[in-house]
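Please read the structure below before turning to the comments.
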Amino acid sequence: MPSIEVRGLSKWYGSKKALNDVSFTVEEGEIVGIIGPNGAGKTTLIRILSCLLKPDSGEVRIFGRKHCEAKDLFALLPQDVKAHFYTLTPRDYVYHYLRMRGLSRSEARQRVDEAMELLGIDYADEPMSTLSGGMVRRALLAMVLSADARLYFLDEPTVGLDVENRLNLWEVLREKAEESTIVLTSHYLNEISSVCDRVLLLKDGQVKAFGRPERVARDYLSGLHSKIVAFEDVKLEGFLLKKAGRNTYIYTRSKREEKEIMEVLESSGVPFRRESLTIEDVFITGGLDDGAD
Ligand SMILES: Nc1ncnc2c1ncn2[C@@H]1O[C@H](COP(=O)(O)OP(=O)(O)OP(=O)(O)O)[C@@H](O)[C@H]1O
2 MPSIEVRGLS KWYGSKKALN DVSFTVEEGE IVGIIGPNGA GKTTLIRILS CLLKPDSGEV
62 RIFGRKHCEA KDLFALLPQD VKAHFYTLTP RDYVYHYLRM RGLSRSEARQ RVDEAMELLG
122 IDYADEPMST LSGGMVRRAL LAMVLSADAR LYFLDEPTVG LDVENRLNLW EVLREKAEES
182 TIVLTSHYLN EISSVCDRVL LLKDGQVKAF GRPERVARDY LSGLHSKIVA FEDVKLEGFL
242 LKKAGRNTYI YTRSKREEKE IMEVLESSGV PFRRESLTIE DVFITGGLDD GAD
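Using our numbering, you'd call the opening residue of the sequence shown number 2 and step up by one each time.
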């Protein structure tokens, strides 16, 4: 049985259509990443899936049940969740969360230790008011991931995490996916591609693609061959260039063009590196604007 079945979801905020006839199915044990530019509808979709927001039309089923009747099966980390109770500690948060989910005192106490270990939290007894933003975010992640749910919705779980904690989280999620389904959003497109089985690409509230990250990237970048990163400001007529700080990305359309560009850079003494195309390049090159539906 699929974990999530979504049929024809639409959502308006006043005259703004945030979701437009969204349909997809997520299989059990998958990690699905919802990606898309700012304002694409990712948070709106997660809020509807987790029953925080009502759609104007459409239907969501979670493990065959109407989603609002399946709240015991899923756990949610909202994008804007805050630690409002500053005198409580990470241990208190996880403990009370688990008690609210119906665990006994002793079960909850035991699960707290497991959750702290999972996220490498060595500040379980410090008041939230004394913790940094990233430390609070990790504590809230530990709380949600302690739920032992069949399905997790994680809206921007990596916000505020440093690179080490972010990579650790991806590993934790891969392990979690052995016994549960995970739907998450993130703007770290290359990282999300390496952790997710499939990505759902949203733009203007519509599903533009749903599939394996490499496949989605290939479909959208079919006219391009590779990316040359020049470590300087470079001007070349007739090529697709994008500035990236001090670097310039040069997109090539063929092996011949790649060779030509590398020869030009070499002869002018500009240091460079050739890179394969990734899903991030779909966004950088404006590939989504061309409407490759
Ligand atoms: N409460 C609201 N009232 C009015 N419009 C809203 C509201 N929430 C979202 N929107 C609009 O709906 C659209 C989708 O917003 P949403 O937050 O779902 O996008 P997102 O993909 O999560 O964006 P981001 O990457 O910036 O978090 C946007 O145009 C946004 O302005």
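Beta carbons are placed, not taken as given, at the ideal position from N, Cα and C, and that holds for glycine.
Since this is a predicted model, take the numbers as computed values, not measurements.
Task: Residue nearest to S187 in terms of C-alpha spacing, selected from G206, R110 and S195 - done: S195 is the residue among G206, R110 and S195 whose C-alpha sits nearest the C-alpha of S187.
Task: P3 and V27 closer than 8 Å at C-beta - done: Closer than 8 Å, so yes.
Task: Span separating the alpha-carbon of P158 from that of I193 - done: Straight-line Cα distance between these residues: approximately 11 Å.
- [ ] May I ask you to verify whether the stretch 145 to 157 touches the stretch 72 to 80, counting CB pairs closer than 8 Å and requiring at least 3?
- [x] Touching, yes, given that three or more Cβ pairs across the two stretches are closer than 8 Å.
- [ ] List the endpoints of the continuous beta strand (DSSP E) containing T131.
- [x] Unbroken run through T131: none, as it is neither H nor E.
Open item on the list: Is G34 a contact residue of ligand 1, with contact defined as CB to any heavy atom under 7 Å?
Closed with: Within the chosen limit of 7 Å, ligand 1 does not reach the beta carbon of G34 with any heavy atom.
Open item on the list: Going by DSSP, what residue range makes up the alpha helix (DSSP H) through L201?
Closed with: It is not in any alpha helix (DSSP H) - L201 instead sits in the beta strand (DSSP E) that spans R199 to K204.
- [ ] Figure out for me which residue from K12, A231 and R48 has the closest Cα to the Cα of R247.
- [x] Closest by C-alpha distance to R247, out of K12, A231 and R48, is A231.
Task: Check: A19 C-beta below 7 Å from any heavy atom of ligand 1 - done: For ligand 1, at least one heavy atom lies less than 7 Å from the Cβ of A19.
Open item on the list: Let me confirm a value: V164 is counted as buried when at least 16 other C-beta atoms fall within 10 Å, else exposed. Which label applies?
Closed with: V164 sits exposed, since fewer than 16 C-beta atoms from the chains shown fall within 10 Å of its C-beta.
Open item on the list: Could you tell me which whole alpha helix (DSSP H) segments of length 4 or greater appear in the stretch 169 to 251?
Closed with: Runs of the alpha helix (DSSP H) inside the stretch 169 to 251: 190 to 196 and 214 to 221.
Open item on the list: Pairs of beta-carbons, one from the stretch 177 to 191 and one from the stretch 28 to 48, closer than 8 Å: are there three or more?
Closed with: Cβ pair count under 8 Å is three or more, so yes.
Open item on the list: For I5 and L266, what's the separation of their Cα atoms in angstroms?
Closed with: Looking at the two C-alpha atoms, the distance is approximately 50 Å.
- [ ] Using three-state DSSP, classify S11 as helix, strand or coil.
- [x] In the structure shown, the three-state DSSP call for S11 is strand.
Open item on the list: Is V14 close to ligand 1? I mean its beta-carbon at under 7 Å from any heavy atom of the ligand.
Closed with: The sequence given here places Tyr at residue 14; Val does not occur at that position. Yes, Cβ of Y14 sits closer than 7 Å to a heavy atom of ligand 1.
Task: DSSP three-state assignment for F284, whether helix, strand or coil - done: Assignment of F284 by DSSP, reduced to helix, strand and coil, places it in the helix class.
TODO: Under the assumption that L162 contacts R139 (Cβ atoms under 8 Å), give the Cβ distance between them as a whole number of angstroms.
DONE: The beta-carbon separation of L162 and R139, rounded to 7 Å, stays under the 8 Å limit for a contact.
Open item on the list: Would you say the beta carbon of G42 is closer than 7 Å to some non-hydrogen atom of ligand 1?
Closed with: Yes, the beta carbon of G42 sits closer than 7 Å to at least one heavy atom of ligand 1.
Task: Spatial neighbours of C52 in its chain, beta-carbon cut-off 7 Å, leaving aside the 5 residues before and after - done: Its chain contains H68, C69 and K72 as the residues whose beta carbon lies nearer than 7 Å to that of C52, once the 5 sequence neighbours on both sides are disregarded; these appear in chain order.
- [ ] Check each candidate in L89, M144 and V95 and name the one with the smallest Cα separation from E127.
- [x] The shortest Cα separation from E127 among L89, M144 and V95 belongs to L89.
Task: V23 - partner residues in DSSP beta bridges - done: Note: V23 sits in a beta bridge opposite L10.
- [ ] Can you grab the Cα-Cα spacing for the pair Y94 / A148, in whole Å?
- [x] Going by C-alpha positions, Y94 is about 12 Å away from A148.
Task: For F153, three-class secondary structure by DSSP - done: Correcting the residue identity first, residue 153 is Tyr in this sequence and not Phe. DSSP places Y153 in strand when its eight states are reduced to three.
Open item on the list: With a threshold of 7 Å on Cβ separation, who are the neighbours of I49 within its own chain once the five nearest residues in sequence on each side are excluded?
Closed with: The answer, listed in chain order, is L10, K12, P56 and V61.
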